Amino acid sequence: MVQSWSISQAVDRLNRSILLPAIQREFVWGSDQIIRLFDSLMQDYPIGSFLVWHLNGDAAQDEMKYRFIQHYIEDSIHPDEPEFDQMLHHNEKIRGGDELELPSEQDLVLDGQQRLTAFFIGLKGTYTEKRKYAQRKNADAWTQKRLYLNLLSGNDETFDEELGLTYEFAFREPEPSNSEDTYWYRVGNVLDIDPSEDIMDIAGDLDIPEEKRWRGGMTLKKLYDAIHDSDVIQYHEENTENRERVLDIFIRMNDGGTPLSKSEILLSMATARWTEGEDSVDAREQITNFVDRLNGRHTDANFKFSIDFVLKALLTFGTDTIPQYRVGNFSNENLDRMQVVWEDDGFQRSIEQTLDLIVEFGLDSRSLTSHNALIPIAYYLYRHDPTLDWTATEGLETRRRIHYWLTSALLNGTFNSRPDEVLDDARDEIDASSGQFPLEQIHRRMRGRGKVVGFSEDVLDTLLEETTYRSQKSFLLLSLLHFGEAVRHGRDYQQDHVFPQALLEKETLVEKYGFDEPTARRYEESAGHIANLQLLTEEENARKREMEFEAWIQTRTEAYRDTHCIPDDEDLYQLENFPRFVEEREQLIRERVIETFEEFR
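To get this note's numbering, take the position in the sequence shown, counting from 1, and add 5.
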């Protein structure tokens, strides 16, 4: 039988008798989706049916549950300051003591979490956004906003043609300024209106131009009616205590048009399976917390790992099948084996060690173009626990081989297609290895699958042609010139132009050096060429600053020229010979990389 709530009724019950089962996914909607939902509500569009799992008594008390998010923040990594304490990126788990305060009858939402959370945030909560490109730990980068409605929008006029929005909703800072065509009304205030009050009288007390008060009042009335209409949220009720049936129902559901991803399905299945028996483990809470720990481990690198990465690693470490997200891999046997791996301290430690290692290599979120490329490294550390001490011969060699694997995989796009097969091949060879990272054996298997590995002349031709200053691959390619040194702890490098970028700007070349415009344009276009880039230590980069290359190179040693593949011909250091410099240095880079990695073929 279909039952119903008004939005105001449902929101009032959230986190009291309406809760979330542990098998639910995270809140995944953005602010635009929340706004579209409220606009649909105002336009009398159907917002879809809901499904709740109704539990009583002991069954309700025993079931693992989470709260809805009221004050949402876009990233789990944010400042550790008191004003951020109430802001959540993940749903809070209900602990034992809190359980006693809940009623004996509870409704756990199986389908409708995204929409109910959107209503909760819009009516009673906040949405906190970070300024683009700003540091996540910088408190000034974040702005906490509430949902507002422009009461002068609507009236059958389309506000946003592209999205088909009629009513102008927006997340804004408190007390936004109004204008002739806007009156921003905080949406949550509609919950405080007494049913006995006349909406038009309330609108009359607002600071809206007299000639537009009727329009503003009608919009406010429409909002009030939509939020308090008893039939808006229509839901079906499931009363079974059979968790497997509930899990099956949940997996078949979609939330608000956002289908469950395969990793979300796997997490739900792991959560359901791992809660059985005496050794109960909350997969959702523990894996989510681990992901947050990974992302907060090196904040400057700005890594954004996901649950998907950890689950893919668990499939690789804990099963002997190809680590694909397919139903056959989600068997209870495999889920049990994955739990054993998860509870082994070595699993998390190996992934953390891998992350520390690649940061020492100089990688960050920009240059790490595939998270999957880290899984064979972590699995190798998990299975063989090798030394990574770069002061020891064995540790340095392990680092070199891992660095070569990673740069080759990322530069060649190894994981762009059929990544699960690569993980399967790597796992097999690591299992068969006597202890050394089996670089050659993995590459041999990959060649058999038609994968490009290593750095042949053809590969380098493509990389040198396509890689520029703004390319995600530029740091990796340049790091090959520092092979050996680049794998040592404490060797931090910064990417820099050989001939200063400011020197190669078209206007500078024309006005200061008398170049004609076509030539100046060609110079400017070549400024970001890989052959005009280098990796310098922070100290070197600070000393170089914007010095002309001809002056800078005179301060450098022969070792510097050799490391950076700088041509010996000093005529090439002059600005007018910049194109020849790029051409000759590109060839030197090509020869150096081929020679350096000949041993790894």
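Note that CB positions come from ideal geometry on N, CA and C, so glycine has one too. Owing to the predicted nature of the structure, the values given are computational and were not obtained by experimental measurement.
Taking the alpha carbon of residue i as the reference point, which residue from the options has its own alpha carbon closest?
i           : options               : result
residue 423 : 384, 48 and 375       : 375
residue 307 : 335, 367 and 193      : 367
residue 54  : 361, 115, 65 and 39   : 115
residue 272 : 316, 233 and 230      : 316
residue 130 : 274, 203, 269 and 36  : 36
residue 334 : 270, 62 and 81        : 270
residue 78  : 230, 149 and 12       : 149
residue 134 : 101, 154, 178 and 104 : 178
residue 469 : 94, 252 and 595       : 595
residue 555 : 508, 520, 360 and 463 : 508
residue 388 : 397, 443 and 336      : 443
residue 38  : 29, 473 and 52        : 52
residue 608 : 547, 277, 23 and 226  : The shown model of the chain, from 6 to 606, leaves out residue 608, and the question about it has no answer.
residue 47  : 12, 26 and 24         : 12
residue 321 : 347, 310, 311 and 483 : 347
Give the secondary structure of residue i by DSSP, where H, G and I count as helix, E and B as strand, and everything else as coil.
i           : result
residue 188 : coil
residue 534 : strand
residue 90  : coil
residue 448 : helix
residue 454 : coil
residue 105 : coil
residue 176 : strand
residue 582 : helix
residue 574 : coil
residue 153 : strand
residue 366 : coil
residue 260 : Any answer about residue 260 is weak, because its pLDDT of 45 lies below 50 and its placement is not dependable; what the coordinates show is given next. Strand, per DSSP.
residue 98  : strand
residue 310 : coil
residue 392 : coil
residue 163 : coil
residue 467 : helix
residue 211 : coil
residue 482 : helix
residue 473 : strand
Keeping to the same chain, check which residues put their C-beta closer than 8 Å to that of residue i; ignore five residues upstream and five downstream.
i           : result
residue 162 : 171
residue 302 : 308, 357, 360 and 361
residue 578 : 554, 555, 558 and 586
Quick one: what's got a C-beta closer than 7 Å to residue i's C-beta in the same chain, skipping five residues either side?
i           : result
residue 20  : 72 and 73
residue 44  : 170, 171, 172 and 174
residue 65  : 109, 110 and 111
residue 8   : 240 and 242
residue 457 : 417 and 464
residue 80  : 94, 135 and 141
residue 481 : 372, 412, 415 and 416
residue 1   : Residue 1 is absent from the model: the chain starts at 6 and stops at 606.
residue 5   : The structure shown does not extend to residue 5, since the chain spans only 6 to 606, so no value can be given for it.
Can you give me the Cβ contacts of residue i inside the same chain, cut-off strictly under 6 Å, excluding the 5 residues immediately before and after it?
i           : result
residue 589 : 572
residue 261 : For residue 261, the predicted model reports a pLDDT of 46, less than 50, meaning its position is unreliable and no value from the coordinates is stated.
residue 205 : 222
residue 396 : none
residue 304 : 142
residue 460 : 598 and 602
residue 381 : 431
Tell me, which residues are paired with residue i by DSSP?
i           : result
residue 9   : 239
residue 131 : 76
residue 148 : 134
residue 110 : 61
residue 302 : BP columns for residue 302 are empty, so no partner.
residue 500 : 540
residue 19  : 23
residue 70  : 26
residue 55  : 240
residue 170 : 165
So is the beta-carbon of residue i under 7 Å away from any non-hydrogen atom of the ligand SAH?
i           : result
residue 157 : Annotation note on the ligand SAH: not contained in the displayed structure, which lists no ligands.
Exercise for review: Give a yes or no on contact between the region 9-17 and the region 121-131, applying the rule of three or more CB pairs nearer than 8 Å.
Suggested key: yes
Point to revise | Cβ pair count under 8 Å reaching 3, the region 559-575 against the region 517-525 | key: no
Point to revise | contact_flag[the region 394-407, the region 523-533] where n(CB pairs < 8 Å) is 3 or more | key: no
Review point. Are the region 437-455 and the region 475-492 touching, with three or more C-beta to C-beta distances below 8 Å?
Key: no
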